[in-house]
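Chemist: I'd like to ask you about the structure that follows.
Residue numbers (the working numbering), protein chains in the order written: chain X, 1 to 115; chain B, 1 to 243.
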């Protein structure tokens, strides 16, 4: 996936790191010290959806085949969405002062693509 | 193009160039906070008025290999600090460390309780629950190991309900931590949707053998009893696994 660097308007991943100390959450979140709140933005023109690396699903690949044969199935357009997510392990206090260690799947956007 | 306007994530929500960056990041920040709280199944962040004694916290985390204390007093959690673990976990595993509390209405020194469940971890399924107790060896002429029988009584959820017993023979060469399985007890608490686990800890032979179980009220925070509950999301079993 592409990283957003301001040079193009294509679908890319925008990194967005939040330091829990800066938002006053470091009193109840013991670790990690911040969160990668990355997100996807940018456009998905027709040729982009054809790029193998960005086809995030079998469905997209099939639709691309239609497109390449000029048989565009309706006004199908693709969206710039997360195509790879990772888990975030957190250690925090809950409202009973218990310490909770939790593995939260699909919490961090690692890659974006057109689907 | 009409469909492009409706699809929120298609082509990225076009930003209004006049919109000040700060308001955007303010809204965005709120959205991220909401996202984190919703993934932890919390309505709002917990209100930490009196932080937990650091000694108790560090001991528990160190015991569970979850953290170590740096020189400047900060707690470093190796596999957590600052970087996502990146491992693809399909099930949400949780580990809850609950510290013993004393019921002021109960005079008995041997009674204590744990408030285990809370808003964020209601629909969890208990995999294992372990009570950690610290036993101190008092100076004594006795030689060799000291043998005592520890009886942990736990009350089933609900007022005036039944007490059950977990008993274990413990041999001590030195002061140290010992664990007692309470999986059935804590599973009952979660199944009943309760939050509190009442315990009563007795020790046969402790007085004669010069052994002191460290419960509460001894001012020894770093040896405060704690309960470790390993759990997973109850619906995780039925979740369709990614193919």
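By construction, the Cβ of each residue, glycine as well, lies at the ideal position given by its N, Cα and C atoms.
In chain X, what lies closer than 7 Å to residue 108 of chain B by C-beta?
Modeler: Counting from 1 along the second chain, the entry for residue 108 of chain B is found at position 108. Neighbours of residue 108 of chain B on chain X: none; closest Cβ ~23 Å, over 7 Å.
Chemist: Hey, does residue 234 of chain B have any beta-carbon neighbour from chain X nearer than 8 Å?
Modeler: Working through the second chain from its first residue, we reach residue 234 of chain B at position 234. Output row for residue 234 of chain B: interface = no.
Chemist: Can you give me the C-alpha to C-alpha distance between residue 96 of chain B and residue 178 of chain B, rounded to a whole angstrom?
Modeler: Translated into the one-based positions of the second chain, residue 96 of chain B becomes position 96. Translated into the one-based positions of the second chain, residue 178 of chain B becomes position 178. Rounded to whole angstroms, residue 96 of chain B to residue 178 of chain B spans 18 Å at the Cα level.
Chemist: What does DSSP give as the partner residue(s) for residue 226 of chain B in the beta ladder?
Modeler: As a working mapping, residue 226 of chain B is identified with position 226 in the second chain. DSSP output for residue 226 of chain B lists B/99, B/132 as bridge partner(s).
Chemist: Apply the 10 Å Cβ neighbour rule to residue 38 of chain X and answer buried if 16 or more other Cβ atoms are within range, or exposed otherwise.
Modeler: As a first step, residue 38 of chain X must be located in the first chain, where it is residue number 38. Buried is the call here.
Chemist: Does chain B have any CB closer than 8 Å to the CB of residue 120 of chain X?
Modeler: Because chain X spans 1 through 115 in this model, residue 120 of chain X falls outside it and cannot be assessed.
Chemist: When the cut-off is 8 Å and only beta carbons count, does residue 109 of chain X lie next to chain B?
Modeler: As a position in the first chain, residue 109 of chain X is number 109, starting the count at 1. Answer no: the Cβ-Cβ gap between residue 109 of chain X and chain B never drops below 8 Å.
Chemist: Assess contact between the region 202 to 220 of chain B and the region 143 to 154 of chain B, defined as three or more Cβ pairs (one per stretch) separated by less than 8 Å. Is contact present?
Modeler: Segments in contact, yes.
Chemist: DSSP puts residue 93 of chain B in a beta bridge; with which residues?
Modeler: Taking the second chain and counting its residues from 1, the one referred to as residue 93 of chain B is at position 93. For residue 93 of chain B, which the question treats as bridged, DSSP gives the partners B/232.
Chemist: Would you say residue 185 of chain B lies against chain X (beta-carbon separation less than 8 Å)?
Modeler: In the second chain, counting from the first residue as 1, residue 185 of chain B sits at position 185. No, residue 185 of chain B lies away from the interface with chain X (no Cβ there is under 8 Å from its Cβ).
Chemist: Do the region 81 to 95 of chain X and the region 28 to 37 of chain X meet, that is, are 3 or more Cβ pairs less than 8 Å apart?
Modeler: yes
Chemist: With a threshold of 8 Å between beta-carbons, can residue 21 of chain X be considered close to chain B, or not?
Modeler: For the purposes of this step, residue 21 of chain X is taken as residue 21 along the first chain, with counting starting at 1. False, the Cβ-Cβ gap to chain B never drops below 8 Å.
Chemist: Run through DSSP, which three-state label would residue 23 of chain B get?
Modeler: Locating residue 23 of chain B in the second chain gives position 23, counting from the first residue. Confidence at residue 23 of chain B is low in this model, with a pLDDT of 48, below 50, so its placement is unreliable and no value can be given for it.
Chemist: In its own chain, which residues sit with a C-beta less than 7 Å from the C-beta of residue 310 of chain B, not counting the 5 before and 5 after it?
Modeler: One cannot answer for residue 310 of chain B here, as it falls past the ends of chain B, which runs 1 to 243.
Chemist: List, in chain order, every chain X residue whose beta-carbon is nearer than 7 Å to that of residue 45 of chain B.
Modeler: The sequence position of residue 45 of chain B within the second chain is 45, counting from 1. In chain order: 25, 28.
Chemist: Taking residue 35 of chain X as the query, report the chain B residues whose CB atoms sit under 8 Å from its CB, ordered along the chain.
Modeler: Here residue 35 of chain X corresponds to residue number 35 of the first chain, with the count starting at 1. What residue 35 of chain X touches in chain B: 32, 36.
Chemist: Does the beta carbon of residue 62 of chain X come closer than 8 Å to any beta carbon on chain B?
Modeler: Walking along the first chain from the start, residue 62 of chain X turns up at place 62. No, no contact with chain B.
Chemist: Since residue 69 of chain X meets chain B, which of its residues come closer than 9 Å, beta carbon to beta carbon?
Modeler: What you label residue 69 of chain X is simply residue 69 of the first chain in a count that begins at 1. Within chain B, no residue comes near residue 69 of chain X; the closest Cβ sits about 22 Å away, beyond 9 Å.
Chemist: With DSSP collapsed to three states, give me the class of residue 29 of chain B.
Modeler: For the purposes of this step, residue 29 of chain B is taken as the residue at position 29 of the second chain. In this structure, residue 29 of chain B counts as helix in the three-state DSSP scheme.
Chemist: So which residues on chain X does residue 100 of chain B lean against when the C-beta distance must stay under 9 Å?
Modeler: For the purposes of this step, residue 100 of chain B is taken as the residue at position 100 of the second chain. Result: empty, since nearest Cβ-Cβ is about 11 Å, beyond 9 Å.
Chemist: Buried or exposed: residue 5 of chain X, going by 16 or more other Cβ atoms within 10 Å of its Cβ?
Modeler: The residue labelled residue 5 of chain X in the question sits at position 5 within the first chain. Residue 5 of chain X comes out exposed.
Chemist: Can you tell me the Cβ-Cβ gap for residue 116 of chain B and residue 202 of chain B, rounded? I've got them flagged as a contact below 8 Å.
Modeler: Numbered from its first residue, the second chain carries residue 116 of chain B at position 116. Numbered from its first residue, the second chain carries residue 202 of chain B at position 202. Contact doesn't hold; Cβ gap of about 22 Å is too wide.
Chemist: Whole angstroms is fine: what's the gap from residue 130 of chain B's alpha carbon to residue 183 of chain B's?
Modeler: Here the question's residue 130 of chain B lines up with position 130 in the second chain. Here the question's residue 183 of chain B lines up with position 183 in the second chain. Straight-line Cα distance between these residues: approximately 7 Å.
Chemist: Output, in chain order, the set of chain X residues within a Cβ distance shorter than 8 Å of residue 95 of chain B.
Modeler: Locating residue 95 of chain B in the second chain gives position 95, counting from the first residue. Simply 100, 101, 102.
Chemist: For residue 146 of chain B, count the other beta carbons within 10 Å of its own beta carbon; 16 or more makes it buried, fewer makes it exposed. Which is it?
Modeler: Here residue 146 of chain B refers to the residue found at position 146 of the second chain. Looking at its Cβ environment, which holds 16 or more other Cβ atoms inside 10 Å, residue 146 of chain B is buried.
Chemist: According to DSSP, simplified to helix, strand and coil, what is residue 204 of chain B?
Modeler: As a first step, residue 204 of chain B is located in the second chain; it is residue number 204 there, counting from the start. Note: residue 204 of chain B maps to strand in three-state DSSP.
Chemist: What do you reckon, are the CB atoms on residue 87 of chain X and residue 1 of chain X nearer than 8 Å?
Modeler: As a position in the first chain, residue 87 of chain X is number 87, starting the count at 1. As a position in the first chain, residue 1 of chain X is number 1, starting the count at 1. No, these two residues do not count as a Cβ contact at 8 Å.
Chemist: Return the residues of the region 161 to 190 of chain B that lie within a Cβ-Cβ distance of less than 8 Å from chain X, sorted by chain order.
Modeler: none
Chemist: Which residues does DSSP list as the beta-bridge partners of residue 108 of chain X?
Modeler: Along the first chain, one-based indexing puts residue 108 of chain X at 108. Note: residue 108 of chain X sits in a beta bridge opposite X/86.
Chemist: In the DSSP output, what is residue 167 of chain B paired with across the bridge?
Modeler: As a working mapping, residue 167 of chain B is identified with position 167 in the second chain. Answer is B/151, bridged to residue 167 of chain B.
Chemist: What does residue 118 of chain B touch in chain X if you count any residue whose Cβ is under 7 Å from its own?
Modeler: Along the second chain, one-based indexing puts residue 118 of chain B at 118. Contact of residue 118 of chain B with chain X by beta-carbon distance below 7 Å involves 94, 95, 96, 98.
Chemist: Are residue 36 of chain X and residue 108 of chain X close, meaning C-beta to C-beta below 8 Å?
Modeler: Residue mapping note: residue 36 of chain X aligns to position 36 of the first chain, counting from 1. Residue mapping note: residue 108 of chain X aligns to position 108 of the first chain, counting from 1. Yes. Within cutoff.
Chemist: Could you round the C-beta distance between residue 156 of chain B and residue 162 of chain B to whole angstroms and report it? I think they count as a contact, below 8 Å.
Modeler: Along the second chain, read from residue 1 onward, the residue named residue 156 of chain B stands at position 156. Along the second chain, read from residue 1 onward, the residue named residue 162 of chain B stands at position 162. Confirmed, about 5 Å.
Chemist: Let me make sure I understand the geometry here. Which of B/164, B/138, B/123, B/159 has the alpha-carbon closest to that of residue 255 of chain B?
Modeler: Residue 255 of chain B cannot be examined here, being either before or after the span of chain B that is shown, 1 to 243.
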